[in-house]
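According to this note's numbering, the residues represented by the sequence shown are 380 to 654, in order. Idealized CB from N, CA, C, for every residue including glycine. As structure tokens, the structure follows; a few thoughts come after it.
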Amino acid sequence: MPILKIGNVRVRRDSNGDTVIIKDSSAINESVEYINEFNVKNVDVVDFDCNDLNFLKECLSIENLSILNHFIKDLSGIYGLTKLRVLSINETTTKVEFRIDELKNLEELYGELPKNTVGINKLNTLKKVELWGYKPKSRNLNEFKNLKSLNVINITESRLDTLDGIEGIVNLKSLGLYYLRTLKDITALQDVKAPITELFFENSKSIVDFSPIQNLKKLEKLKISSCGDIPSLSFVPTLNELKSLVFSGTNVLDGNLTFCEGIEYVYYTKQKLRN
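Here's what the structure looks like:
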């Protein structure tokens, strides 16, 4: 979409309305005035030299905020944005504690969180999470445990050893796990009560046993892509709702694909078939 320049204010216009793009410290005052005058809901803070986001304290109309700035050292300026529903954050180098639970109405969270982020477990309105570089001390999903509004989790290039904690996310519907080199144990799936309908694994080659998937009785879409060797697909017949199964780049060691019979859509790369 084209970027308009109104004075020193950069504005992108699309079907979601105006987005004010702040990428120059000299444009901050004019941008804030424009946001407040026109009740702009979408703001992008792009890479320019600024230590904090205190200038956004006045912009109470913001609902969608994207931060892509490695200069920022303090994120506390966004705590008062009571209408903020969507936060995308990348490349911040803040060493100040980021109390993300101050964002009381946050529904969607994207990007790479600062190392000293605290309070994820208190985001009671959170519905969707897409994170990369996520490195919790617990090396599992315990920070999301008991978030009853959470429907979607996608984790990429992160440090998880197990999925412990997932059993407490009672309304989870979609789980995506991508490029998780340390993930070995997914047995927590056998205790899941949530109605998960979509489960995606990609380039996570350390997983030893995929059989706990058989507990997910509501599962409709399953993808196990580029995950090395798996012993068998013998868990598949228990998934009575399964409509789509993809295991491209993943080798089924027993070669038995008869377990896929009856599924509407099956995609796989060349396998040795056993009749």
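{"Item": "How close, in whole Å, do the beta carbons of Asn-594 and Val-571 come, if the pair is a contact with beta carbons under 8 Å?", "Value": "6 Å"}
{"Item": "Do the CB positions of Lys-402 and Arg-391 come within less than 8 Å of each other?", "Value": "no"}
{"Item": "Helix, strand or coil for Phe-638, going by three-state DSSP, please let me know.", "Value": "helix"}
{"Item": "Is the Cβ-Cβ distance between Val-422 and Leu-444 less than 8 Å?", "Value": "yes"}
{"Item": "According to DSSP, is Thr-535 helix, strand or coil?", "Value": "strand"}
{"Item": "Pick from Ser-590, Leu-492, Gly-396: whose alpha carbon is nearest that of Gly-512?", "Value": "Leu-492"}
{"Item": "Tell me whether Asn-443 sits in a helix, a strand or coil according to DSSP, three-state version.", "Value": "strand"}
{"Item": "Locate the beta strand (DSSP E) running through Asn-530, then write down its first and last residues.", "Value": "It is not in any beta strand (DSSP E) - Asn-530 carries neither H nor E in the DSSP assignment."}
{"Item": "Three-state secondary structure (DSSP) at Tyr-646?", "Value": "strand"}
{"Item": "Distance check for Lys-622 and Glu-640, CA to CA, integer angstroms please.", "Value": "11 Å"}
{"Item": "Thinking C-alpha only, which one of Asp-564, Gly-547, Leu-454 is nearest Ser-467?", "Value": "Leu-454"}
{"Item": "Would a C-beta distance cut-off of 8 Å place Lys-507 and Asn-530 closer than the cut-off?", "Value": "yes"}
{"Item": "From Leu-463 to Glu-536, what does the alpha carbon distance come to, in whole angstroms?", "Value": "27 Å"}
{"Item": "Indicate whether Lys-596 and Val-625 have their beta-carbon atoms separated by less than 8 Å.", "Value": "no"}
{"Item": "Taking the continuous beta strand (DSSP E) assigned at Asn-421, which residues delimit it?", "Value": "421-424"}
{"Item": "Would you mind listing the alpha helix (DSSP H) stretches within the segment 385-469 that are 4+ residues and don't spill past its ends, in chain order?", "Value": "407-416"}
{"Item": "What is the DSSP secondary structure of Leu-383, counted as helix, strand or coil?", "Value": "strand"}
{"Item": "Output yes or no for whether 8 Å exceeds the beta carbon distance between Val-631 and Ser-605.", "Value": "no"}
{"Item": "Who are Phe-614's beta bridge partners in DSSP?", "Value": "Bridge partners of Phe-614: none, in fact."}
{"Item": "Identify whether Thr-541 lies in helix, strand or coil by the three-state DSSP scheme.", "Value": "strand"}
{"Item": "Which of the three DSSP states is assigned to Lys-501 in this structure?", "Value": "helix"}
{"Item": "Starting from Thr-629, follow the beta strand (DSSP E) in both directions and report where the run begins and ends.", "Value": "629-631"}
{"Item": "Less than 8 Å between C-beta atoms, sequence neighbours within five positions excluded: which residues of the same chain meet that for Gly-544?", "Value": "Ser-517, Asn-519, Leu-520, Asn-521, Glu-522, Phe-523, Lys-524, Ala-567"}
{"Item": "Taking 7 Å as the limit between beta carbons, can you name the residues of its chain near Asn-654, skipping five residues before and five after?", "Value": "Confidence in Asn-654 is poor, its pLDDT being 41 and thus under 50, which makes the residue's placement too unreliable to answer from."}
{"Item": "Measuring only between beta-carbons, confirm whether Phe-638 sits less than 8 Å from chain D.", "Value": "Given the protein chain composition of this structure (a single chain), no chain D is represented."}
{"Item": "What span of residues does the beta strand (DSSP E) with Leu-554 cover, start to end?", "Value": "553-557"}
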